[in-house]
Each structure stands twice: as C-alpha cells, then as structure tokens.
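Offset between the sequence shown (1-based) and our numbering: plus 13. Positions of the beta carbon are idealized from the N, C-alpha and C atoms, including for glycine.
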Amino acid sequence: MKKYDIFLVDADNTVLDFHASSRAALKAAFESFGKAWTEEYAKKFSVFNDSLWERLERKELTREKLLGERFPLFLKMLGMEDVSGESFNEKYIGYLATHPVYMEGAENFLKELNGAGRVYIVTNGTYSVQKSRFDIARLWDYAEEAFVSEKIGFDKPNKAYTDYVVSHIPDFDKSRAVWIGDSLTADIRAANAADIVSIWLNPGGKAADGKAFPDYEARSYTEILEILQIY
Numbered sequence: 014m015k016k017y018d019i020f021l022v023d024a025d026n027t028v029l030d031f032h033a034s035s036r037a038a039l040k041a042a043f044e045s046f047g048k049a050w051t052e053e054y055a056k057k058f059s060v061f062n063d064s065l066w067e068r069l070e071r072k073e074l075t076r077e078k079l080l081g082e083r084f085p086l087f088l089k090m091l092g093m094e095d096v097s098g099e100s101f102n103e104k105y106i107g108y109l110a111t112h113p114v115y116m117e118g119a120e121n122f123l124k125e126l127n128g129a130g131r132v133y134i135v136t137n138g139t140y141s142v143q144k145s146r147f148d149i150a151r152l153w154d155y156a157e158e159a160f161v162s163e164k165i166g167f168d169k170p171n172k173a174y175t176d177y178v179v180s181h182i183p184d185f186d187k188s189r190a191v192w193i194g195d196s197l198t199a200d201i202r203a204a205n206a207a208d209i210v211s212i213w214l215n216p217g218g219k220a221a222d223g224k225a226f227p228d229y230e231a232r233s234y235t236e237i238l239e240i241l242q243i244y
C-alpha cells in the first residue's frame, strides 16, 4: 500500500462515543424535569436522532429544523408534551457539550495516526458543542484541526464541505490522504465525491447501502492500522 500521512477522521462514533454521551445527557435532562429515567428512552432517541442526521446528510432537512424540532417531536412521541422541548434541549446540549467519552481504544488509535502523519477531524455538528467536547477530551493532543460543519456552512457529504477542508489543509495531497469514518451517508459518500480513499469503520458488520463505496472496510482500529500499515 502507498504511504498515507493525511488522515481525515470523523469524530462521533468513530473516535468519540456519541451514543454514550447522548445517553448520559438524556438521563440528566429527564431527571432535571423530574421525569423517571428508563433505558428505553436512550434506545428510542438514538434511532430517532440518527434518522434526523441522515436526513440532514441527504439534504432532506435543514440544520435549523433538525435542532428546533428534535426534542418537541421526541417528547411528543413519549407523551411528555408538558415538558418544553426548547428547555429540554438546553439541558441536553449543556450536558452533552461537557461530557465527551472516547470509544474504547480510540486514544491509542489517534496516537498511532498522529505518529504516522497529520490528523484532521471532519465532523458534522454544532460548533460550540463540538469545540467544547474536543477541548475537554484533549483531542488536540492528536489532531491538527477540526472542521465542524456548522462553522463551515455545509454538512458532510456536501462537496462544498470537502472542498473547504482540503483547501484549508497545508500542502494537501489527495494521493496521500485517507478518510476514516463510521457513516456511509456522511463520511464515505463525502470521500467518494472528492475521490479520496476511504476506510469504513464498521464494527457491527452492517450491510453496505449500495450508494456509498468504501475502498476498505474495517471492524476495528487494529484492522484500520493494518490496512494503513501502521505498526
């Protein structure tokens, strides 16, 4: 394999455990409103929230609509219309922004990538939330910079997002770059559109959707490092 030394790495559920952080934030928000917590809420929200972000990635939904309607709709689903969606969102975001959780093995993985080249975080999300999470997680120990969709003005997989990223990386060379992420709709499609080699992190062995085409597929960080020949 050719030498890659520019690593474009997704954040949520690639190196940071968004589902774990989201679960904790949900629990804190429910309890702040005096609502009894059940794990079923976390499962339902994970499916619901993922579906909204996938719609955003497919340009079926705007960021403003997603963030504005997410909790009013979710609380309505649960029959909790007595709780303000706006207030609930404030509690959720406040906790989420201050309690990042690494995926198991992620810090060592990032350390290995950092030792072999330059790491850049490529992520959809709200800038203030992501920056806070990255600061607290000390992500800058491993990454040169983070490109957050809200600040750029475009979301993955929009080619305008990728064009911005590659134009803001010093001495960017596409032949030396690889995009690593867990999302077919956001990461792999973004890499495909920009003709950048991609590795799909797919620990659960999900089936491909036939619309995004990863160059490589890996079940673990170890497999990614083996693909990249980083030992």
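Would the C-beta of residue i count as close to the ligand SAM, meaning under 7 Å from any of its heavy atoms?
i	result
I237	Summarising the ligand content, the structure contains no ligands, and the ligand SAM is consequently not present.
According to DSSP, which residues form a beta bridge with residue i?
i	result
S211	W192
A159	I134
L29	D25 and Y115
I19	R131 and A190
A231	L214
Could you say which of the options lies nearest to residue i if we only look at CA atoms?
i	options	result
V22	V142, K169, G217 and A221	K169
R232	W50, N62, L109 and G118	G118
N62	L39, T51 and F43	L39
E53	E67, R36, L65 and W66	R36
E157	P183, N137, T139 and G107	P183
R189	K104, Y155, S180 and I209	I209
F160	A150, I149, T198 and K144	K144
R71	N215, T235, Y234 and N171	N171
D18	S64, G218 and I193	I193
L91	L109, K48, S141 and Y234	K48
E94	L152, R151 and F46	F46
S162	Q242, W66, Y108 and L152	W66
Y108	K89, E82, Q242 and E44	E44
Would you please state the rounded distance, in angstroms, between the beta carbons of residue i and residue j? I believe it to be under 8 Å.
i	j	result
L29	R131	The Cβ separation is near 19 Å, so there is no contact.
S211	D200	7 Å
F20	V191	6 Å
Tell me which residues share the same chain as residue i and place their Cβ nearer than 6 Å to its Cβ, disregarding the 5 neighbours each side in the sequence.
i	result
F84	G98, F101 and N102
A24	I134 and T136
Y105	A38 and A42
I149	P113
W213	I201, P227 and E230
Y234	G118 and F122
N215	E230
For residue i, which residues in the same chain have their Cβ closer than 7 Å to its Cβ, ignoring the five residues on either side in sequence?
i	result
I165	Y174 and Y177
H32	N26 and S59
P87	Correcting the residue type first, residue 87 is Phe in the shown sequence and not Pro. So the list reads F58 and F61, once near-sequence residues are dropped.
G114	Note that residue 114 is Val in the sequence shown here, rather than Gly. Correct list, in chain order: L29, D30, A33 and S34.
D222	L197
Excluding sequence positions up to five away, which residues of its chain have a Cβ less than 8 Å from the Cβ of residue i?
i	result
Y244	L238
K187	V179, A207, D208 and I209
F167	A173, Y174 and Y177
L80	N102 and T139
Y155	E120, L123, K124, L126, N127 and V132
L69	T75, R76, L79, N137 and D168
A110	S141, V142, S145 and R146
_Between the segment 219-238 and the segment 202-210, can you find at least three pairs of beta-carbon atoms closer than 8 Å?_
Touching, yes.
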